[in-house]
Structure formats: structure tokens, C-alpha cells
Amino acid sequence: MLLGLFFLFTLVPLIELYLLIRLGTSIGGVETIAIVIGTGVAGGLLAKSQGLAVLDRMRAELNQGRLPAESLLDGLLILIAGAMLITPGLLTDGLGLLLLIPWSRQAFKSWLKRKIQEKISEGEIHISTRLH
């Protein structure tokens, strides 16, 4: 856990800074800033459209009396993608955009479900229900 937090708050910003400096020296500072702004705007528009589509799907599933578990997971991943797009940088923007594309989000969702199932099987995640 500590290693993961170290990676998240130390290594990711350093990698982002390195990538931005390298790109800036290759194509220029203004162009690099334009790319970061462009990916942010494109990602914001894509996040909005994907988020609204997931909300519509959730509404339809609830109207049919079904629990929208898949849609909730999609919504969570879209929220994470939006947070990544707010963070300036090429790596986080790229990962955020990948989470917004439905087919790549589906692949990540499958991986995430397998990981959660492994944690449940290993006893690291406990699920309890309480019926009234």
C-alpha cells in the first residue's frame, strides 16, 4: 500500500514532468501546452458524453428492475478518467482517454473484476450483507 502511494504521489508526477520536458524540447513549449490543453478538452467532452450514456443505461436498467452493477462500474471508471484528465500531463491524459473509450474500458473492467475476485477468494476483501 505504501509503495502504491509512493508511486502515485512521487513517481507519476516525475514521469509526467520528464515527458513534458522531453516533448517540449522536441516540438516546442507552446505546442506541448496546446497538446495538454487539447487532450484535456477532448477528454472532458468524451467524459461528458460517456457519463451521460452510462446514466441513461443505469436509468433504463433501474426501470427494468435490474441492479445496474456494470453501469456503476463504468461510471466509476469514467469518474477516475475525468480525474486523470484534470491532472496535467501526457501519461495521465493518455490513461484517462483510454478509460473513456468503451472497448478499452471494458478490457480494464474485466481485469479489475478478476482482481477483485482474487482478493475475495484470498480473503483480503470481505463482503457482508445485512438484511432487515
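Residue numbers for the sequence shown, in the numbering used here: -2 to 129.
Quick reminder that beta carbons are idealized off the backbone N, C-alpha and C, glycines included.
Being a predicted model, the structure only gives us computed values, none of them experimental.
State the DSSP-derived secondary structure class of residue i, mapped to helix, strand or coil.
i	result
T84	coil
E121	coil
M166	Absent from the structure is residue 166, since the part of the chain shown begins at -2 and ends at 129.
G1	helix
P99	helix
L14	helix
T36	helix
Could you compute how far the alpha carbon of residue i sits from the alpha carbon of residue j?
i	j	result
G40	F4	24 angstroms
E34	L76	According to the sequence provided, residue 34 is Ile. The question's Glu does not apply to it. I34 and L76: Cα-Cα distance of roughly 19 angstroms.
R102	D71	8 angstroms
K110	P65	15 angstroms
I24	L42	26 angstroms
Taking buried to mean at least 16 other C-beta atoms within 10 Å of its own C-beta, is residue i buried or exposed?
i	result
T36	buried
T89	buried
S68	buried
Q47	buried
V51	buried
Would you say residue i and residue j are within 8 angstroms of each other, going by their C-beta atoms?
i	j	result
A44	G79	yes
F105	L59	no
L16	G86	yes
K139	I122	The structure shown does not extend to residue 139, since the chain is modelled only from -2 through 129, so no value can be given for it.
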